[in-house]
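Engineer:
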Amino acid sequence: MAAPTAPVTLAELTAARELLARAASAGIDTPTAADELAAVRDLHALHRLADALYTRQVATADASRAARSEGHDMSDVIAELETDSARECQVAVMRARGIAAVPKLLRAYAAGEINRTNLDQAEYTLSYLRSRLSAPAFASATTEVIDEARRLTPAFFKRRARQIRLRHDEEAARKHRANAAAAAQQAHEQRRLKVTTAGPALSISGQGSAQAAEAILAALNRRARIIRAKQINAGQQVTPLCARLFDALLALCTEDNAHYPTAASLLGAKVAPDARPDEMRELVLCADTTPFDLGRSARLADIRLRTLVLARDGGCLYPGCTEHRELCEIAHLVSWARGGETNLSNLAALCPHHHWVTEHEAYDPFHYSAIALPGGIPAIIPPLRIDPTQTPLIHERFDKHRRSLPPPLKDAG
1 MAAPTAPVTL
11 AELTAARELL
21 ARAASAGIDT
31 PTAADELAAV
41 RDLHALHRLA
51 DALYTRQVAT
61 ADASRAARSE
71 GHDMSDVIAE
81 LETDSARECQ
91 VAVMRARGIA
101 AVPKLLRAYA
111 AGEINRTNLD
121 QAEYTLSYLR
131 SRLSAPAFAS
141 ATTEVIDEAR
151 RLTPAFFKRR
161 ARQIRLRHDE
171 EAARKHRANA
181 AAAAQQAHEQ
191 RRLKVTTAGP
201 ALSISGQGSA
211 QAAEAILAAL
221 NRRARIIRAK
231 QINAGQQVTP
241 LCARLFDALL
251 ALCTEDNAHY
261 PTAASLLGAK
271 VAPDARPDEM
281 RELVLCADTT
291 PFDLGRSARL
301 ADIRLRTLVL
311 ARDGGCLYPG
321 CTEHRELCEI
331 AHLVSWARGG
341 ETNLSNLAAL
351 CPHHHWVTEH
361 EAYDPFHYSA
371 IALPGGIPAI
381 IPPLRIDPTQ
391 TPLIHERFDK
401 HRRSLPPPLK
411 DAG
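In UniProt numbering, the protein residues as written are 1 to 413.
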């Protein structure tokens, strides 16, 4: 079909609108599946053409101040049609002017070569560059922007359009680099990983920098691909990627854990792999652990002492605390500053919060403190305002030992 040479009259436009109104009301005769698909494609093309024509006409009417004949602006006309806010309508007019100012861009959109999201991003980019570039440079940038808008999906084109803008604006590029560096630093400083358990369930959440994500995903995905290959080779159903990533993390941690001792291996005991926590606790309480004591030679517990303390205490010793044992700190019952030794009998597991709460001398009248009861069980001593007798409190994990524990004796004076 030859391209039309004469403009469409208002009467022809009205007839086209009436035809579409009839189709919207009565539907379109599409007896076959092929006809239905053809109608979808035709309507999509009509929508594009109508949108492009509307954009150009809004810009033309605004430039000629046609709305002044009715005593208002073009944005007011759109507000009457769309019932949008005045600000939104003003932006719509400005966007229409920006798009119509680049006929090549509008034609590409009308032809279905650029989607609406990319059209708006291209208009913003070209409007940004117009006052910053010479005519030849702007023409070259226009060609590049339109070509990229044709080629890329919206998310990638948005990124590419920003790169084009920054390439032609050194000051903005400098600020962008500074902001990106600050954002990366902030992401690194705010990095965190939270692991919580609720019965048999586990939840992991966290945040960090994009650089950290690259390293983490590379390691996990490498192992996840190995897991997938094994499943395929074994004729098994391939698990979803999210499950394989979790299995990859578990495998990496399991391999790392194998390099460190367990309480059983340290004490030379043979226990079942699925030994209960109370069995491990009894193992530590009944064993001779003096070979692992560091005395005053080191302030911090080494990996061997930490392993034994966690096996004995099973987690934070503060009654009611459910913090996982691996997230606990190893605390001195008699502080290092007061001459306390780094020996198993003087160490206990406390979460960071309760470590701070109990970091006071034993039987402090005003604060919580921690002591070791006869038999090696650690306990919490409440302040006088809570319990005038300052009876030791032990965690529910030690309930088995509660009745057999003799009462502690306060130092005289």
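Glycine residues also receive a C-beta, built at the ideal position from the N, C-alpha and C atoms. Everything numeric in this text was worked out from a predicted model, so none of it was measured.
#1: Here's the rule I'm using: 16 or more other beta-carbon atoms within 10 Å means buried, otherwise exposed. How should residue 438 be labelled?
#2: With a cut-off of 8 Å on the beta carbons, I'd call N343 and A372 a contact; round off their distance for me.
#3: Classify P103: buried if its beta carbon has 16 or more other beta carbons within 10 angstroms, exposed otherwise.
#4: Does DSSP classify residue 474 as helix, strand or coil?
#5: Drop a sphere of 10 angstroms on the beta-carbon of residue 415, count the other beta-carbons inside from all chains shown, and report buried for 16 or more, exposed for fewer.
#6: Use the C-beta contact count for L283: other C-beta atoms within 10 angstroms, 16 or more gives buried, fewer gives exposed.
#7: If you compare alpha carbons, which of H47, P136, R165 is closest to A111?
#8: Are the Cβ atoms of F366 and P383 separated by less than 8 Å?
#9: How many Å lie between L294 and V238 at the Cα?
#10: Specify the secondary structure class of E18 as computed by DSSP and reduced to three states.
#11: Looking at C-alpha atoms only, which residue of A141, W336, R130, I146 is the closest neighbour of R116?
#12: Please report the Cβ distance between E144 and I164, rounded to the nearest whole angstrom; I am assuming they are in contact, meaning their Cβ atoms lie under 8 Å.
#13: Need the endpoints of the alpha helix (DSSP H) that P31 sits in, please.
#14: Give me the residue from C351, V93, L308 with the minimum Cα distance to E323.
#15: When the distance is taken between beta carbons, is L333 closer than 8 Å to A348?
#16: Is it right to say A63 is buried, meaning 16 or more other beta carbons lie within 10 angstroms of its own, or is it exposed?
#17: Between the alpha carbons of V93 and E82, how many angstroms are there, rounded?
#18: Would you mind listing the alpha helix (DSSP H) stretches within the region 344 to 369 that are 4+ residues and don't spill past its ends, in chain order?
#19: Would I303 pass as a contact of P240 if the rule is Cβ separation under 8 Å?
#20: With DSSP run on the structure shown, which of helix, strand or coil describes D399?
#21: Under a three-way DSSP split, which group does G314 fall into?
#22: The alpha helix (DSSP H) that contains G98, what's its start and end?
#23: Measure how close the beta-carbons of C89 and I99 come, nearest whole angstrom, since I'm counting them as under 8 Å.
#24: Return the CA-CA distance between L285 and T307, expressed in angstroms with no decimal places.
#25: Return the CA-CA distance between I227 and L217, expressed in angstroms with no decimal places.
#26: Between the alpha carbons of Y368 and A379, how many angstroms are there, rounded?
#27: Could you check where the beta strand (DSSP E) with residue 460 kicks off and where it finishes?
#28: Going by beta carbon distance, what residues of the same chain come within less than 8 Å of Q207, once the five residues before and after it are set aside?
#29: Distance check for S335 and R312, CA to CA, integer angstroms please.
#30: Residue range of the alpha helix (DSSP H) that Q186 falls in?
#31: How many Å lie between A224 and Q185 at the Cα?
#32: Compare the beta carbon distance of Y363 and I377 with 8 Å and say whether it is the shorter of the two.
#33: In its own chain, which residues sit with a C-beta less than 7 Å from the C-beta of G314, not counting the 5 before and 5 after it?
#34: Quick one: grab the DSSP three-state call for P378.
#35: Along the chain, where does the beta strand (DSSP E) that runs through T197 open and close?
Structural biologist: With the structure as the only source:
#1: Residue 438 lies beyond the residue range present for the chain, which begins at 1 and ends at 413; the question has no answer from this structure.
#2: Translated into the one-based positions of the sequence shown, residue 343 becomes position 343. Translated into the one-based positions of the sequence shown, residue 372 becomes position 372. Actually they are not in contact, since the Cβ atoms of N343 and A372 sit about 10 Å apart, beyond 8 Å.
#3: As a first step, residue 103 is located in the sequence shown; it is residue number 103 there, counting from the start. Using a 10 angstroms sphere on the CB of P103, the tally of other CB atoms stays under 16, which defines it as exposed.
#4: Here the chain comprises residues numbered 1 to 413, so residue 474 is not present and cannot be evaluated.
#5: Given that the chain is displayed from residue 1 to residue 413, the structure contains no residue 415 and the question cannot be resolved.
#6: Mapped onto the sequence shown, residue 283 falls at position 283. Buried, since its Cβ has 16 or more Cβ neighbours within 10 Å.
#7: Here residue 111 is taken as the residue at index 111 of the sequence shown, counted from 1. Of H47, P136, R165, the residue nearest in Cα terms is H47.
#8: Residue 366 sits at position 366 when you count from the first residue of the sequence shown. Residue 383 sits at position 383 when you count from the first residue of the sequence shown. The answer is yes: Cβ separation under 8 Å.
#9: As a working note, residue 294 is residue 294 in the sequence shown. As a working note, residue 238 is residue 238 in the sequence shown. When the Cα atoms are used, L294 and V238 turn out to be separated by approximately 50 Å.
#10: Along the sequence shown, read from residue 1 onward, the residue named residue 18 stands at position 18. In the structure shown, E18 adopts helical secondary structure according to DSSP, grouped into three states.
#11: The residue you call residue 116 lines up with position 116 of the sequence shown. Of A141, W336, R130, I146, the residue nearest in Cα terms is I146.
#12: For the purposes of this step, residue 144 is taken as residue 144 along the sequence shown, with counting starting at 1. For the purposes of this step, residue 164 is taken as residue 164 along the sequence shown, with counting starting at 1. Between E144 and I164 the beta-carbon gap is near 7 Å, inside 8 Å, which marks them as a contact.
#13: Stepping through the sequence shown from its first residue, residue 31 is reached at position 31. P31 -> no alpha helix (DSSP H), and no H or E assigned at all.
#14: In the sequence shown, the residue the question calls residue 323 occupies position 323. With distances taken between CA atoms, E323 lies nearest to C351 out of C351, V93, L308.
#15: Working through the sequence shown from its first residue, we reach residue 348 at position 348. Working through the sequence shown from its first residue, we reach residue 333 at position 333. Yes, the pair counts as a contact, with Cβ atoms nearer than the cut-off.
#16: To locate residue 63, count along the sequence shown from 1; it is residue 63. Under this definition A63 is an exposed residue.
#17: On the sequence shown, residue 93 is found 93 positions in, with the first residue counted as 1. On the sequence shown, residue 82 is found 82 positions in, with the first residue counted as 1. A direct Cα-Cα distance of roughly 13 Å separates V93 from E82.
#18: Secondary structure remark: continuous alpha helix (DSSP H) runs of at least 4 residues inside the region 344 to 369, in chain order: 352 to 357.
#19: Counting from 1 along the sequence shown, the entry for residue 303 is found at position 303. Counting from 1 along the sequence shown, the entry for residue 240 is found at position 240. It is not a contact, given that the beta carbons lie outside the stated cut-off.
#20: By one-based count along the sequence shown, residue 399 stands at place 399. In the three-state reduction of the DSSP assignment, D399 falls in the helix class, which pools H, G and I.
#21: Locating residue 314 in the sequence shown gives position 314, counting from the first residue. Residue state, collapsed to three classes: coil.
#22: Counting from one through the sequence shown, the residue named residue 98 turns up at place 98. Here the alpha helix (DSSP H) through G98 covers 86 to 100.
#23: Within the sequence shown, residue 89 is the residue found at index 89, counting from 1. Within the sequence shown, residue 99 is the residue found at index 99, counting from 1. Distance from C89 to I99 at the Cβ level is roughly 16 Å; contact not present, criterion being Cβ atoms closer than 8 Å.
#24: The sequence position of residue 285 within the sequence shown is 285, counting from 1. The sequence position of residue 307 within the sequence shown is 307, counting from 1. The alpha-carbon atoms of L285 and T307 are separated by roughly 13 Å.
#25: By 1-based counting over the sequence shown, the position of residue 227 is 227. By 1-based counting over the sequence shown, the position of residue 217 is 217. Between I227 and L217, the alpha-carbon positions lie close to 15 Å from each other.
#26: Numbered from its first residue, the sequence shown carries residue 368 at position 368. Numbered from its first residue, the sequence shown carries residue 379 at position 379. For the pair Y368 and A379, the Cα-to-Cα distance works out to about 11 Å.
#27: Residue 460 lies beyond the residue range present for the chain, which begins at 1 and ends at 413; the question has no answer from this structure.
#28: Working through the sequence shown from its first residue, we reach residue 207 at position 207. Excluding residues up to 5 positions away in sequence, A187, Q190, R191, R192 lie with their Cβ nearer than 8 Å to the Cβ of Q207 in the same chain.
#29: Walking along the sequence shown from the start, residue 312 turns up at place 312. Walking along the sequence shown from the start, residue 335 turns up at place 335. In this model, R312 and S335 are separated by some 20 Å (Cα to Cα).
#30: Position 186 of the sequence shown, counting from 1, holds the residue named residue 186. DSSP places Q186 in the uninterrupted alpha helix (DSSP H) bounded by 170 to 189.
#31: Taking the first residue of the sequence shown as 1, we reach residue 224 at position 224. Taking the first residue of the sequence shown as 1, we reach residue 185 at position 185. Note on geometry: alpha-carbon atoms of A224 and Q185 lie some 30 Å from one another.
#32: If you number the sequence shown from 1, residue 363 lands on position 363. If you number the sequence shown from 1, residue 377 lands on position 377. Not a contact, by the Cβ cut-off of 8 Å.
#33: Within the sequence shown, the letter at position 314 stands for residue 314. Within the same chain, and ignoring the five residues on either side of G314 in sequence, the residues whose Cβ sits closer than 7 Å to its Cβ are P277, R281, R325, R397.
#34: Residue mapping note: residue 378 aligns to position 378 of the sequence shown, counting from 1. Strand at P378.
#35: Taking the sequence shown and counting its residues from 1, one reaches residue 197 at position 197. Taken as a continuous stretch (DSSP letters only), the beta strand (DSSP E) holding T197 covers 192 to 198.
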